[in-house]
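Once you know that position 180 of the sequence shown is 180 in the UniProt record's numbering, the rest is easy, because the numbers rise by one and skip nothing.
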Amino acid sequence: MAELDGQTVVVIGGSAGIGLETARRALAEGADVVIAGRDPGRLEQAARDLGVHRTAAFDAGDAGAMAAFFHELPDPIDHVLVTAGGPRYGPMLEMAPADISRALGDHVLVALEVARNAVPRMRPGGSLLFMGGTGARKISRELGIASAATAALPPFVAALALEIAPLRANLIAAGFVDTPLSATLLGDQLDARRAELRATLPIGRVVGPDDVAALAVHLMANTALTGATYDIDGGQQFVGS
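Written as structure tokens, this is what we have:
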């Protein structure tokens with residue numbers, strides 16, 4: 001039997017990269033999938049690519065839109081993956097107070113709004129799954145506040161897992177993942193970065209969104225897993241790449 005047969009998976013940030021590949025893998029494992037994203041055009045293209053019929057375009061940082069999205073979904077929900085949002089880098093003294101607040105709180109606030117709205121509609125054994133990272137664990141001036149934001153997520157998710165039990169919550173901590181977002185951020189330096197990682201990572205290759213998707217679906221399916229952080233970076237954090 002498929003691992004997610006008959007279950008409903010919601011992917012917030014599902015129009016590209018890790019979210020898109022997780023949606024694709026969940027479908028292959030028998031799930032009914034709903035994808036949400038901020039860009040209506042990209043979301044429509046992803047839906048056509050996947051053959052998904054339920055989509056919603058909204059900003060995950062808009063609490064009202066988040067509440068409306070979950071309110072309009074039919075019961076029940078089994079799993080929610082949130083890939084929306086990303087880290088903010090830079091020296092802390094050069095950041096405005098509002099930027100510091102967003103850097104520290106955005107992921108936590110989005111996760112809380114997801115939990116508030118999704119948990120009442122979820123079946124036993126279901127899970128919330130959030131994205132963090134391993135790259136900002138090394139403190140540096142260039143990373144700035146990102147290291148503090150990264151450090152906050154594992155205990156937050158562990159505490160959330162206790163609060164929503166017997167539902168589950170887990171955190172995926174990724175390093176560099178070869179996604180369209182990475183391509184946008186690195187521009188003409190992307191190929192050099194790929195070559196560097198192939199030469200230095202213990203796995204001898206670059207981590208792709210399908211690798212993270214495989215982990216995400218496993219965390220959804222394995223009902224013994226909750227409150228933990230799962231690293232997936234090909235050993236990047238150990239070799240300093």
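Don't be surprised by glycine CBs; every beta carbon is placed ideally from N, CA and C.
> Can you tell me whether residue 129 is buried or exposed, with buried defined as 16 or more other CB within 10 angstroms of its CB?
Replying inline: buried
> Could you check where the alpha helix (DSSP H) with residue 184 kicks off and where it finishes?
Replying inline: 180–186
> For the region 93–163, which segments carrying the alpha helix (DSSP H) assignment without a break, of at least 4 residues, lie completely within its bounds, in sequence order?
Replying inline: 97–118
>> Taking its Cβ as the centre, do 16 or more other Cβ atoms sit within 10 Å of residue 1, making it buried, or is it exposed?
In response: exposed
> With distances taken from CA atoms, which of 3, 157, 13 and 91 is nearest residue 115?
Replying inline: 157
>> Considering only the alpha carbon of each residue, which of 20, 236 and 7 lies closest to residue 137?
In response: 236
>> Do residue 173 and residue 227 have their beta-carbon atoms positioned less than 8 Å apart in this structure?
In response: no
> Going along the chain, which unbroken runs of the beta strand (DSSP E) with 3 or more residues stay wholly within the region 8–48?
Replying inline: 8–12 and 32–37
> Mind checking whether residue 32 and residue 15 have CB atoms under 8 Å apart?
Replying inline: no
> Terminal residues of the continuous beta strand (DSSP E) containing residue 80?
Replying inline: 77–82
> With DSSP run on the structure shown, which of helix, strand or coil describes residue 200?
Replying inline: helix
>> Does residue 35 pass the burial test, meaning 16 or more other C-beta atoms within 10 Å, or should it be called exposed?
In response: buried
> Can you tell me the Cα-Cα spacing of residue 220 and residue 79, whole angstroms?
Replying inline: 7 Å
>> Checking the sheet assignment: what are the DSSP bridge partners for residue 231?
In response: 173
> What are the start and end residues of the alpha helix (DSSP H) that includes residue 221?
Replying inline: 209–221
>> Quick check: the Cα distance between residue 178 and residue 208, rounded to an integer number of angstroms?
In response: 5 Å
> Buried or exposed: where does residue 4 fall if 16 or more other Cβ atoms within 10 Å of its Cβ makes it buried?
Replying inline: buried
> Would residue 7 be called buried (16 or more neighbouring beta carbons within 10 Å of its own) or exposed?
Replying inline: buried
>> Assess contact between the region 187–195 and the region 130–150, defined as three or more Cβ pairs (one per stretch) separated by less than 8 Å. Is contact present?
In response: no
>> Here's the rule: buried if 16 or more other CB atoms are within 10 angstroms of the residue's CB, otherwise exposed. What is residue 149?
In response: buried
> For residue 2, which three-state DSSP category applies?
Replying inline: coil
>> If I measure Cβ to Cβ from residue 91 and keep anything under 7 Å in the same chain, skipping five residues before and after, which residues do I get?
In response: 141 and 144
> Counting Cβ pairs, one atom from each stretch, are 3 or more of them under 8 Å apart for the region 199–207 and the region 90–109?
Replying inline: no
> Below 8 Å between beta carbons: does that hold for residue 68 and residue 12?
Replying inline: no
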